[in-house]
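A.B. asks:
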Amino acid sequence: MRGRLGSAAAGLALALAASLPFAPLDAQSRPIRQAAIDAALLPLPAALRPDARVIAYTDDGPAIVLREGSNGMVCAADRADDDRFDVRCYHESFMPVIERRRELARERLDWNATAARIDADVKAGRLHLPESPTAGYRMLGPIAAFDWARNRAGPEIARWQSIHFPYKTAVELGLPTEPDGNLPYAMLAGTYWSHVMINAPPE
């Protein structure tokens, strides 16, 4: 858990847990809020960070906007209630898929059941997929490997990029379905979550 962090980072993490995403922005919470924003932006290339939107999720309610953006990218802040560091960014046109997955996750559906429901939503016109490929960026690993004071991820935290091509097969993309070092490959090909995976070396 987060209490296993070093003292300085642990104090900041505990403050995050107490202040985000539930507390309003005020003079005292501003550094904590900024730390959450800075961490959420880390998966993005540096050129995209200044203008990306940053949000934070609660368990049941809508996402809280921590910072507005203008370049089409939306980054979700790390949740403060578990022992993982998990931040991810997607293009705004792909966010309806993300939100629908969150809704279905609350029903504790497995992958196949979730995919079937999303397929049905797409076919019925209730869910609209992007008309062109979109990029995703994610960092995931143990919270103890993230230094909040320096906004730095240790080598235990994986980092990767994805390019989403809903329903495209590996053959259509011209890619293998298994990883080979840092070479791109197709993951969940042929499904609504079909994407090209590009694993990045640790920072």
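To get the working numbering, take the position in the sequence shown, counting from 1, and add 9. Think of the CB as a built atom: it goes at the ideal place given N, C-alpha and C, for glycine as much as any other residue. Here the structure is a predicted model, which means the values were calculated and not measured.
For Ile172 and Pro193, I'd like the C-alpha separation in whole angstroms.
C.D. replies: Computed Cα separation, rounded: 10 Å.
A.B. asks: Just reading off the alpha helix (DSSP H) that Arg110 is part of, what are its end residues?
C.D. replies: From DSSP, the alpha helix (DSSP H) with Arg110 extends over Met104 to Ala114.
A.B. asks: Can you give, in chain order, each stretch of the beta strand (DSSP E) that sits fully within the stretch 167-207 and has at least 3 residues?
C.D. replies: As far as the stretch 167-207 is concerned, its whole beta strand (DSSP E) runs of at least 3 residues are 167-173 and 194-196.
A.B. asks: What's the gap between the Cα of Arg179 and the Cα of Thr200?
C.D. replies: Before going further, note that residue 179 is Ala rather than Arg in the sequence given. When rounded, the distance between both Cα atoms is 11 Å.
A.B. asks: Taking only three categories from DSSP, how would you classify Ala32?
C.D. replies: Confidence is the limiting factor: at Ala32 the pLDDT is only 39, short of 50, which leaves the residue's position unreliable and the question unanswerable from this model.
A.B. asks: Rounded to the nearest angstrom, what separates Pro164 and Ala133 at their Cα positions?
C.D. replies: Cα to Cα, the separation comes out at about 43 Å.
A.B. asks: Quick one: give me the first and last residue of the beta strand (DSSP E) that Ala153 is part of.
C.D. replies: Neither: Ala153 is in no beta strand (DSSP E) and is coded neither H nor E.
A.B. asks: Just verifying my parser: in three-state terms, what is the DSSP assignment at Ala144?
C.D. replies: Looking at Ala144 - three-state DSSP - the assignment turns out to be strand.
A.B. asks: Below 9 Å between beta carbons: does that hold for Trp169 and Ala209?
C.D. replies: It is a contact, given that the beta carbons lie within the stated cut-off.
A.B. asks: With three or more beta-carbon pairs closer than 8 Å as the criterion, would you say the stretch 132-151 touches the stretch 51-63?
C.D. replies: Touching, per the Cβ criterion.
A.B. asks: Please go through the same chain and pick out, in chain order, the residues whose beta-carbon is closer than 7 Å to the beta-carbon of Pro175, but skip the five residues on each side of it.
C.D. replies: For Pro175, where only same-chain residues beyond five positions count, the Cβ hits under 7 Å are Leu138, Tyr201 and Ser203.
A.B. asks: Assign Asp60 to one of three DSSP states: helix, strand, or coil.
C.D. replies: Three-state DSSP puts Asp60 in a helix.
A.B. asks: Could you compute how far the alpha carbon of Arg159 sits from the alpha carbon of Val74?
C.D. replies: Taking the straight line joining both Cα atoms gives about 23 Å.
A.B. asks: Pop quiz: Phe94 and Ile152 are said to be a contact at Cβ under 8 Å. What is the actual Cβ separation, rounded to whole angstroms?
C.D. replies: Yes, they are in contact, since the Cβ atoms of Phe94 and Ile152 sit about 5 Å apart, within 8 Å.
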